[in-house]
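Residue numbers (the working numbering): 9 to 244.
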């Protein structure tokens with residue numbers, strides 16, 4: 009695998025994060041509707057329906073992103089999974105009013121483009137929210153696409169991220185084990201400090217494979233056996 013292919017693979021498997029507030033479906037649909045004028049005249053005369061996400065790229069990780077935002081409930085999936093259904097647009101808006109520490113995250117902010125609705129009434133700027141019949145049409149159009157979007161994201165919360173920040177992190181070459189749930193790794197004594205049978209650990213896959221949770225079920229001298237809680241994802 010070339011360096012460019014490895015970079016592409018890491019980007020495809022990078023984690024993306026979206027805020028999932030109370031009443032998530034309605035919340036996401038309303039955000040998409042309110043965004044409809046943002047791209048008007050830039051990429052489409054009728055605007056675009058988009059949803060805002062952040063990607064754990066360019067040195068920014070999930071812990072930093074979730075810790076920076078005023079979120080508790082959020083969802084995660086991979087870039088690859090998202091691109092299989094929707095187009096992603098990298099945003100380039102530089103807003104002087106963006107508060108710190110959110111501003112540094114703008115370089116990993118993306119908009120997810122939902123399928124557009126062909127309706128000439130949408131060509132009137134700012135008229136969507138004032139037109140009850142058009143609004144109902146747009147909501148009905150967006151509903152199945154919002155359902156698809158939501159189905160891609162594994163719900164989580166900030167408490168889990170805080171918990172994970174204190175866990176042991178180990179590295180495993182997933183390609184050696186394919187979809188096996190059990191792996192054995194050799195660790196130096198310094199890496200085994202504080203590690204006990206029954207602990208839950210985070211396992212980092214190589215070449216951009218997303219991290220997975222595993223349980224330590226045996227420690228024999230320098231070898232530690234792990235049982236994955238989530239199935240291992242084989243590389244393509």
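Each residue gets a CB set at the ideal place from its N, CA and C atoms; glycine is no exception.
Rounded C-alpha distance that separates residue i from residue j
i, j, result
"residue 227", "residue 59", "45 Å"
"residue 243", "residue 136", "Here the model assigns residue 243 a pLDDT of 40, short of 50, so the residue's position is not dependable and the matter cannot be decided."
"residue 11", "residue 140", "In this predicted model, residue 11 has a pLDDT of only 46, less than 50, meaning its place in the structure is not dependable enough to derive any value."
"residue 195", "residue 232", "7 Å"
"residue 207", "residue 75", "24 Å"
"residue 130", "residue 41", "11 Å"
"residue 93", "residue 156", "8 Å"
"residue 127", "residue 27", "29 Å"
"residue 73", "residue 62", "8 Å"
"residue 32", "residue 145", "20 Å"
"residue 67", "residue 45", "32 Å"
"residue 234", "residue 86", "24 Å"
"residue 154", "residue 78", "22 Å"
"residue 158", "residue 88", "15 Å"
"residue 236", "residue 162", "17 Å"
"residue 125", "residue 197", "60 Å"
With 16 other Cβ atoms within 10 Å as the buried cut-off, status of residue i
i, result
"residue 8", "Here the chain has residues from 9 to 244 only, and residue 8 is not among them."
"residue 37", "buried"
"residue 84", "buried"
"residue 64", "buried"
"residue 116", "buried"
"residue 225", "exposed"
"residue 190", "exposed"
"residue 309", "Within the shown structure, residues of the chain are numbered from 9 to 244, placing residue 309 beyond reach of any answer."
Bridge-paired residues (DSSP) for residue i
i, result
"residue 177", "210"
"residue 234", "191, 224"
"residue 33", "Bridge partners of residue 33: none, in fact."
"residue 20", "DSSP lists no partner for residue 20."
"residue 204", "According to DSSP, residue 204 bridges with nothing at all."
"residue 26", "83"
Identity of the residue in the options nearest residue i by Cα
i, options, result
"residue 230", "203, 78, 212, 237", "203"
"residue 22", "124, 118, 155, 198", "118"
"residue 91", "48, 19, 138", "19"
"residue 175", "221, 122, 154", "221"
"residue 112", "147, 69, 225", "69"
"residue 98", "164, 121, 81, 150", "121"
"residue 71", "89, 200, 47, 24", "24"
"residue 81", "164, 190, 200", "164"
"residue 35", "151, 193, 192, 197", "151"
8 Å Cβ cutoff, residue i in contact with chain D
i, result
"residue 20", "As a matter of chain content, chain D is missing from the structure shown, which is built from one protein chain."
Please give the ranges of any alpha helix (DSSP H) in the region 121–164, keeping only runs that are unbroken, at least 4 residues long and fully inside the region. 140–160
Scan the region 35–103 and note each continuous alpha helix (DSSP H) run of 4 residues or more that stays entirely inside, going in chain order. 70–76, 87–91
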